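Going down the list, the protein sequences come from chains A and B.
When the letters of the first sequence are read in order and numbered with this note's numbering, they come out as residues 37 to 212.
When the letters of the second sequence are read in order and numbered with this note's numbering, they come out as residues 741 to 1166.
Idealized CB from N, CA, C, for every residue including glycine.
Just so it is clear, the structure is predicted and the values come from calculations on it, not from any experiment.
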Amino acid sequence: MRRFDLRVVVASVLVLAVHAAAAPDFGMPVSEEELAAVDIDIAPDGRGLPPGSGTVADGIDIYMEKCVACHGPRGQGAAGGPALAGGMGSLNTPKAQKTVGSYWPHATTLFDYIRRAMPYDKPMTLSNDETYALTATVLWFSGIVRPTDVMNATTLPKVQMPNRDGFVDAWTPGHE
Amino acid sequence: MPRFMTVSDPTPVAGGGLLSRRAFLQGAIVLGAGAAVSAEAADAHLTAALPSQKTLGRPFSGYGVPSRFEADVKRSIVPRYGAMAPGNGVSFTPLEFLQGIVTPAGLHFERHHNGVPDIDPAEHTLTVHGLVERPLRFGIDQLLRYPMTSRTMFIECSGNSARIAGTETPKLSCGQIHGLVSCSEWTGVTVRTLLEEAGVKPDARWVVAEGADAATLARSIPLSKMLDDAVLALYQNGERLRPEQGYPLRLVLPGWEGNMSIKWLHRLKLVDMPGQFRDETSHYTDLQPDGKALQFTFPMDVKSVITRLSPGWILQGAGLYEVSGLAWSGHGRIAAVEVSGDGGRTWAEAELREPVLSQCLTAFRVPWQWNGAPVALMSRARDERGHVQPRRADWMKAHGPNQRYHYNAVQAWRIDARGGIENAPL
Chain A
37 MRRFDLRVVV ASVLVLAVHA AAAPDFGMPV SEEELAAVDI DIAPDGRGLP PGSGTVADGI
97 DIYMEKCVAC HGPRGQGAAG GPALAGGMGS LNTPKAQKTV GSYWPHATTL FDYIRRAMPY
157 DKPMTLSNDE TYALTATVLW FSGIVRPTDV MNATTLPKVQ MPNRDGFVDA WTPGHE
Chain B
741 MPRFMTVSDP TPVAGGGLLS RRAFLQGAIV LGAGAAVSAE AADAHLTAAL PSQKTLGRPF
801 SGYGVPSRFE ADVKRSIVPR YGAMAPGNGV SFTPLEFLQG IVTPAGLHFE RHHNGVPDID
861 PAEHTLTVHG LVERPLRFGI DQLLRYPMTS RTMFIECSGN SARIAGTETP KLSCGQIHGL
921 VSCSEWTGVT VRTLLEEAGV KPDARWVVAE GADAATLARS IPLSKMLDDA VLALYQNGER
981 LRPEQGYPLR LVLPGWEGNM SIKWLHRLKL VDMPGQFRDE TSHYTDLQPD GKALQFTFPM
1041 DVKSVITRLS PGWILQGAGL YEVSGLAWSG HGRIAAVEVS GDGGRTWAEA ELREPVLSQC
1101 LTAFRVPWQW NGAPVALMSR ARDERGHVQP RRADWMKAHG PNQRYHYNAV QAWRIDARGG
1161 IENAPL
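Below, the structure is given as structure tokens:
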């Protein structure tokens, strides 16, 4: 047993015995700076998006270097890797194709996911500018943004995804 | 199965030879054996002794491993994208080789999105922040000091059984189809304990849970679930978590789809709306025939499968067999399991083996008299909330060809006249 302080356990049990509400509290305070470094999730309304920006053109250069091997030159998928574009209008057919363009309801998800998990072989290596640029490029593959559009914390949450209304929340109604 | 097996009550209660669950199998007493010992046989033990009785055994071991004769009992590994992404895929628990409700830790199914991280617990922390009064950080040593709770419960991937959720009928083993469910005794600290310490702000509704793996996998979890029964697991089946199961810290959400029980947990952030992360939009949503997708379908529905007498088992001729398997429901306890031997026309109630726990694998058994003719065996579970496992055709009709999550239809195993067993789409 590593660094296990029996006195604390005994004290905790005694405290619990006399006052059930008094649970042990071993949490350490965290500074704003420490929190900011790990607070990477992006809300669908854009909260959490960092400063920075990127364009489709910026993104194509990065994409051709870091993404094309698995996702193909136009996001159609390659070598068994998942397609990012295509499948428009397929969701109610027997062979639905779920891609960023055909299926994803929120553009913010794309920034969030690329930054936390891509490229697959080098996750957590993309800067915020690179992530904005790749987000723009992947959206452009599906014709969702124009080649001249700039993605940043203001523009990205305003992007309307084609399947925005394609989801039914099976939990929240009835559990609020 | 011994040839002298007999049964206490041989009257069938349903078609196909299913007997009462109250009937029990027993070995016949062989009379007349072991009479007088002759003088010549007095030293018979010298020649009858087994090699293992005459050879000194190997010494102690620090950590025991299964017998070398059990080397075939292992997880079935299916990569998702091949060599391009070797850490993305699944491995299935070999259900057909196991008995009882607890899955050995080393055989617990795996679903990784980018491999298994190698985390030093001395370097690992859990940060609780967002809509809380006091953002807090906990080291593993600190978490080990809290009062702990233990619960035996299943974790099931929402993609379990997806290999038969389409129109194809692959010839796979029970584990290769349904083995993305496993069951462990999970021990750790309740999420509620830490959230109360941090102080939940009134506008908090959801909690972002995030792993420290190379996918930095994140899910949004209703705050109500986190306060109700969510566990920060440190131990699995008595020992610290296996790396594949989230060492040193994993979230366990009783009864809910496995993807939400975030492994290698390092962050909980209280928020007012779900984050709409990739794994709750692009994946783990249930696309329906009309093109709309159900989102946030969290509980795993009632389900069962026959494990003993499933593909890989060869029946040794007509006679008595015990059919057994597993049932579970994310909604609560299993209330009943029925087994059919005539294509679902009649059903015999199986015996549930204790313990019967909420949101936990539950073992069932029923005696069966096989007459040697081709037959199909299937099981159907009902939980305490009244949910009943649907037949396959009904599930397919309701959900269509594109939903590969939350498949819980009745599984039929077809047995041929030679005693071979295979998956049948009945």
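According to the DSSP assignment, Arg1132(B) belongs to the alpha helix (DSSP H) that extends over Arg1132 to His1139. Between Arg959(B) and chain A, the shortest Cβ-Cβ separation is not below 8 Å.
Residues of chain B with a Cβ closer than 8 Å to the Cβ of Met187(A) do not exist, since the nearest Cβ in that chain sits about 17 Å away. Under the Cβ distance rule, Phe1017(B) counts among the residues neighbouring chain A, one pair being separated by less than 8 Å. Membership of Thr930(B) in the beta strand (DSSP E) is indicated by the continuous run Val921 to Thr930.
Taking a C-beta cut-off of 9 Å against chain A, the contacting residues of the stretch 1127-1158 of chain B are Gly1140, Pro1141 and Asn1142, listed in chain order.
If you ignore the 5 residues before and after Ala1033(B), its C-beta comes within less than 8 Å of the C-beta of Thr1025, Asp1026 and Leu1027, all in its own chain and listed in chain order.
For the pair Gln1099(B) and Arg982(B), the Cα-to-Cα distance works out to about 22 Å. Taking the Cβ atoms as the reference, Ala153(A) lies roughly 14 Å from Asn999(B), outside the contact range of under 8 Å. Thr144(A) counts as buried, since at least 16 other C-beta atoms from the protein chains shown sit within 10 angstroms of its C-beta. The Cβ atoms of Leu967(B) and Val929(B) lie no closer than 8 Å to each other.
Sequence-distant Cβ neighbours of Ser1001(B) in its own chain, meaning closer than 7 Å and more than five residues away, are Ile895, Arg990, Leu991, Val992 and Leu993. Residue state for Glu1094(B) is assigned as coil, using DSSP reduced to three classes. Gly111(A) has a beta carbon lying at 8 Å or more from every beta carbon in chain B. In this chain, Ile917(B) is not harboured by any beta strand (DSSP E); it is covered by the alpha helix (DSSP H) spanning Cys914 to His918. Within the stretch 963-1046 of chain B, the runs of alpha helix (DSSP H) that reach at least 4 residues and sit entirely inside it are, in chain order, 963-968.
Look at Ala121(A): its C-beta is not under 8 Å from any C-beta on chain B. When the Cα atoms are used, Leu920(B) and Ile1074(B) turn out to be separated by approximately 19 Å.
In the structure shown, the three-state DSSP call for Ile78(A) is coil.
One Cα belongs to Gly122(A), the other to Gly116(A), and the distance between them is close to 15 Å. A distance below 8 Å between beta-carbons, with the five flanking residues on each side excluded, links Asn1111(B) to the following residues of its chain, in chain order: Gly757 and Ala1058. Looking at the backbone, the Cα of Glu979(B) and that of Thr746(B) are separated by about 41 Å.
Ranked by how close their Cα comes to the Cα of Asn199(A), the residues Arg110(A), Leu120(A), Pro141(A) and Cys103(A) have Pro141(A) in first place.
Straight-line measurement puts the Cα of Ile859(B) at about 32 Å from the Cα of Gly88(A). When DSSP states are grouped into helix, strand and coil, His852(B) belongs to the strand group. In the three-state DSSP reduction, Asp148(A) falls in the helix class (H, G or I). The stretch 157-172 of chain A and the stretch 73-89 of chain A touch, with three or more beta-carbon pairs separated by less than 8 Å. By the Cβ-count criterion, Ser801(B) is exposed, with fewer than 16 other Cβ atoms from all chains shown falling within 10 Å of its own Cβ. Listed along the chain, the chain A residues whose CB falls inside 8 Å of the CB of Pro875(B) are Pro65, Val66 and Leu71. Sequence-distant partners of Gly202(A) (beyond 5 residues in either direction) whose C-beta falls short of 8 Å from its own C-beta, in its chain, are Leu127, Tyr139 and Pro141. With a beta-carbon spacing of about 6 Å, Leu1055(B) and Ile1155(B) fall inside the 8 Å limit used to define contacts. Shortest Cα-Cα distance from Ser831(B) to any of Gly899(B), Arg1105(B), Gln1143(B) and Glu873(B) involves Gly899(B). Per DSSP, the beta-bridge partners of Ile1074(B) are Asp1123(B). Around Met100(A), no beta-carbon contact reaches into chain B at under 9 Å, the shortest distance being about 17 Å. Residues of chain B whose Cβ lies closer than 8 Å to the Cβ of Gly202(A) are, in chain order, Gly1031, Lys1032 and Ala1033.
In this structure, the alpha-carbon of Trp946(B) lies about 35 Å from that of Arg1120(B).
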